[in-house]
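Asks:
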Amino acid sequence: MTLTLSINDATDFIAGVALEQRDLYYDGDGNPVAVGPIQGDTMDSKSFNVFGKWGFDFSDTRRLEVLTSLFKLEGDGDYQRSPGDMDQNIPATSIKGSEPGDPPENDAKNVSASYTDSNFASGSLMVKAYYYDLYALYGGGTFGAVQDASVAPEGELFDQSALNSEKYGTKLTYLKNDVFWDGFQVVAGLDYLYDETYQDLVQTGRIWVPKMQFEGWAPYLQLEQAFQGDKLLISAGVRQENVTLNVPSFTTVASAGNTLVEGSSPNFSELLVNAGVVYSVNDALTLYSSYSEGFNMPDAGLLLRAVNTPDQSVDDLVDLQPILADNAELGLNYRLNRLTLSASYFESNSDLGGRIQVIDGIGFVSREKTEVNGFELSASYTTDQELEFGANYAKLNGQYDSNDDGQVDRDLDGRNISPDRLNFWLQSPIADGFFARVQYSHLFDRNFEGGLPENDFEGYQLVDFLLKYETPTLGEFSLGIQNLLAEQYLTYYSQTVTFVNPNTFVAGRGRTLHLNWSKSF
Numbered sequence: 049m050t051l052t053l054s055i056n057d058a059t060d061f062i063a064g065v066a067l068e069q070r071d072l073y074y075d076g077d078g079n080p081v082a083v084g085p086i087q088g089d090t091m092d093s094k095s096f097n098v099f100g101k102w103g104f105d106f107s108d109t110r111r112l113e114v115l116t117s118l119f120k121l122e123g124d125g126d127y128q129r130s131p132g133d134m135d136q137n138i139p140a141t142s143i144k145g146s147e148p149g150d151p152p153e154n155d156a157k158n159v160s161a162s163y164t165d166s167n168f169a170s171g172s173l174m175v176k177a178y179y180y181d182l183y184a185l186y187g188g189g190t191f192g193a194v195q196d197a198s199v200a201p202e203g204e205l206f207d208q209s210a211l212n213s214e215k216y217g218t219k220l221t222y223l224k225n226d227v228f229w230d231g232f233q234v235v236a237g238l239d240y241l242y243d244e245t246y247q248d249l250v251q252t253g254r255i256w257v258p259k260m261q262f263e264g265w266a267p268y269l270q271l272e273q274a275f276q277g278d279k280l281l282i283s284a285g286v287r288q289e290n291v292t293l294n295v296p297s298f299t300t301v302a303s304a305g306n307t308l309v310e311g312s313s314p315n316f317s318e319l320l321v322n323a324g325v326v327y328s329v330n331d332a333l334t335l336y337s338s339y340s341e342g343f344n345m346p347d348a349g350l351l352l353r354a355v356n357t358p359d360q361s362v363d364d365l366v367d368l369q370p371i372l373a374d375n376a377e378l379g380l381n382y383r384l385n386r387l388t389l390s391a392s393y394f395e396s397n398s399d400l401g402g403r404i405q406v407i408d409g410i411g412f413v414s415r416e417k418t419e420v421n422g423f424e425l426s427a428s429y430t431t432d433q434e435l436e437f438g439a440n441y442a443k444l445n446g447q448y449d450s451n452d453d454g455q456v457d458r459d460l461d462g463r464n465i466s467p468d469r470l471n472f473w474l475q476s477p478i479a480d481g482f483f484a485r486v487q488y489s490h491l492f493d494r495n496f497e498g499g500l501p502e503n504d505f506e507g508y509q510l511v512d513f514l515l516k517y518e519t520p521t522l523g524e525f526s527l528g529i530q531n532l533l534a535e536q537y538l539t540y541y542s543q544t545v546t547f548v549n550p551n552t553f554v555a556g557r558g559r560t561l562h563l564n565w566s567k568s569f
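Each position in the sequence shown, counted from 1, maps to that position plus 48 in the working numbering.
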């Protein structure tokens, strides 16, 4: 439910609340889909979401907005998994009962405020501040990583972890057009982020990942010049990333050898550049190309909790180095009358990537050379009768260096790369007030070079349908049907991820109906 109020000419307010209670999903054969008790699941759960946005216009050019939201999703714990049979291609399912420990949950709080002035020093100013707090409780197990013989016999200790994260930051952006001469645009800004995060094992009260404090600030400058009456746009920019990670001295859990790690505050600084060109050949055809350097930090928590070599210091951990990536893209857009075409090719390469893998149910990060590339094609056409049909195709390749010889030699698995996909759609008004859309999705087979044959992907096809009816007085009614033909299939994740086991070998959802009604007042 959403409420929108315009209090006066200068003040507006939007508030909303949503409550949802969910039971099980069912696959194409009518069997319950297996619940996901580790990462959490929308099945067998309830959620609560409330948000509000208040806005005030000081003038025609100056505005203040404040946004708040509270979200909580928690499992009911009414079902447990019944293992499948991977050799027989039988997926896991759900049966009545409860898993050990407390049901997973996510509790998130967010507050942000932004101020904009479109006439500040002959330009536009935007200032934003935000605060975010997250508590995420994961499901548990008797994983090797949580075992401690001083607490319980080896293999019998049950535990589950919780992530506690609190962050705040600011964003400052100033934009000015026609600086020095016509067509020259300048964008300058500063981003700041502070993040404090730790992870504990809630059933035994142990600290798994110490309280880490991440602080980053990044000034940036982006320039753009327009030529030939905006037919040609050339842009270039720089961004200076400055990061400090403060980690106290800590001792890992027993499964990592109760290893003492000396704390420290490593810092990293990197100058990143980007450049791009957009050229409008004519009113129909636009060509573009871009290059950018990316900066990201690996998941420090996954890395730190696995340290098992004595006499280590945080400063010595090479795996904490940032993930630097070179990204390039080349593409075109074509639009003439009722025909639209687009095509793009992209690459993203990193000498020290961050491939995520799972061993014995616990996540780890492997720092390896990675290369990802792919392309996307899209086309659509609308007839005089407003019948629109179209298609898009996306192909993605990804490899990593498995033996540290500087050459990529093995495909990334389904945990780190998505499947190739082809979509067709057809949509049109079909009568007064009625609109219909049908969509066909084909996920292609994939063999992973260097992987085991049992982790190759056998693709599948899905058909979805949507019918809308809009009335002048009662609002809009819609009927959506996902997986219209009730296709029975195993998810891409279950087929391709190397650590999937009989408990996590699951099918996708079968035919699912959604009925919606909306009315604006």
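Note that CB positions come from ideal geometry on N, CA and C, so glycine has one too.
Hey, is the region 521 to 532 in contact with the region 96 to 105, meaning 3+ C-beta pairs nearer than 8 Å?
Replies: Short answer: they don't touch.
Asks: What runs of the beta strand (DSSP E), each 3 residues or longer, lie entirely inside the region 273 to 361?
Replies: Fully enclosed beta strand (DSSP E) runs of 3 or longer: 280 to 294, 308 to 310, 315 to 328 and 333 to 344.
Asks: To the nearest angstrom, how far is it from the Cα of TYR393 to the Cα of GLU377?
Replies: Going from the Cα of TYR393 to the Cα of GLU377 covers about 6 Å.
Asks: Specify whether the region 193 to 201 and the region 232 to 240 touch according to this definition: at least 3 beta carbon pairs, one from each stretch, less than 8 Å apart.
Replies: The region 193 to 201, when compared against the region 232 to 240, does not touch it at the 8 Å Cβ threshold.
Asks: So, under 8 Å CB-CB, LEU335 and LEU380 are touching, yes? Tell me the CB distance rounded to an integer number of Å.
Replies: Between LEU380 and LEU335 the Cβ distance is about 5 Å, and since that is below 8 Å, they are a contact.
Asks: For GLU318 and TYR517, I'd like the C-alpha separation in whole angstroms.
Replies: Cα to Cα, GLU318 sits roughly 54 Å from TYR517.
Asks: Between TRP565 and PRO477, what straight-line distance do the alpha-carbon atoms span, to the nearest angstrom?
Replies: Straight-line Cα distance between these residues: approximately 19 Å.
Asks: Note the first and the last residue of the continuous alpha helix (DSSP H) segment covering THR521.
Replies: Neither: THR521 is in no alpha helix (DSSP H) and is coded neither H nor E.
Asks: Please report how far the alpha carbon of THR431 lies from the alpha carbon of TYR488, in whole angstroms.
Replies: Rounded to whole angstroms, THR431 to TYR488 spans 20 Å at the Cα level.
Asks: Could you tell me whether the region 530 to 537 touches the region 69 to 82, using the rule of 3 or more Cβ pairs below 8 Å?
Replies: With a cut-off of 8 Å, the region 69 to 82 and the region 530 to 537 count as touching, because enough Cβ pairs lie within range.
Asks: Which first and last residues belong to the beta strand (DSSP E) in which SER542 is found?
Replies: Element bounds for SER542: not the beta strand (DSSP E) but the alpha helix (DSSP H), 540 to 544.
Asks: From ASP453, ALA439 and ASN56, pick the residue whose C-alpha is nearest to that of ARG34; which is it?
Replies: A query on residue 34 cannot be resolved here, the shown segment of the chain reaching from 49 to 569 and no further.
Asks: Quick one: what does DSSP say ASP503 is sitting in, helix, strand or coil?
Replies: Here the sequence assigns Asn to residue 503, which means Asp is not the residue at that position. Correct three-state label for ASN503: helix.
Asks: Would you kindly check if the distance between the Cβ of LEU460 and the Cβ of THR418 is under 9 Å?
Replies: Contact flag set, yes.
Asks: If you check the beta carbons only, do VAL250 and ARG353 fall under 9 Å apart?
Replies: Going by C-beta atoms, VAL250 is not nearer than 9 Å to ARG353.
Asks: Anyone know if the C-beta pair for SER328 and GLY311 falls short of 9 Å?
Replies: Their beta carbons are not under 9 Å apart, which means SER328 does not touch GLY311 by this criterion.
Asks: DSSP on ALA63, reduced to helix/strand/coil?
Replies: ALA63 falls in the strand class under three-state DSSP.
Asks: Return yes when the C-beta of PHE472 is under 8 Å from any heavy atom of the ligand MN, and no when it is not.
Replies: Judged by which ligands are present, the structure shown has none, so any question about the ligand MN falls away.
Asks: Can you check whether the CB of PHE343 is closer than 9 Å to the CB of ASN294?
Replies: Result no, Cβ atoms of ASN294 and PHE343 do not sit closer than 9 Å.
Asks: Taking a contact to mean a Cβ-Cβ separation below 9 Å, would you say GLN233 touches LEU271 in this structure?
Replies: Cβ distance < 9 Å, so GLN233 and LEU271 count as in contact.
Asks: Let me make sure I understand the geometry here. Which of TYR448, ARG463 and SER428 has the alpha-carbon closest to that of TRP473?
Replies: TRP473 has its Cα closest to that of SER428, out of TYR448, ARG463 and SER428.
Asks: Roughly how many whole angstroms lie between the Cα atoms of GLY498 and LEU561?
Replies: Answer to the nearest angstrom: the Cα atoms are 40 Å apart.
Asks: First and last residue of the beta strand (DSSP E) that includes SER489?
Replies: Run containing SER489: 482 to 491, per the beta strand (DSSP E) assignment.
Asks: May I have the straight-line CA-CA distance separating GLY324 from ASN421, to the nearest angstrom?
Replies: Approximately 19 Å, taken between the alpha carbons.
Asks: Please classify ASN551 as buried or exposed, where buried requires at least 16 other C-beta atoms within 10 Å of its C-beta.
Replies: Its Cβ being crowded by 16 or more others within 10 Å, ASN551 is buried.
Asks: LEU280 to SER337, Cα distance in whole Å?
Replies: Near 12 Å, if we compare the C-alpha coordinates of SER337 and LEU280.
Asks: Do ASN503 and PRO131 have their C-beta atoms closer together than 9 Å?
Replies: Against a cut-off of 9 Å, the Cβ pair of PRO131 and ASN503 comes out as no contact.
Asks: Quick one: is ARG386 buried, meaning 16 or more other Cβ sit within 10 Å of its Cβ, or exposed?
Replies: Per the 10 Å Cβ criterion, exposed.
Asks: Could you have a look at ALA373 and say whether DSSP puts it in helix, strand or coil?
Replies: Here ALA373 sits in strand by DSSP.
Asks: Where does GLY379 fall in DSSP's three states?
Replies: In the structure shown, GLY379 sits in a strand (DSSP, three-state: E or B).
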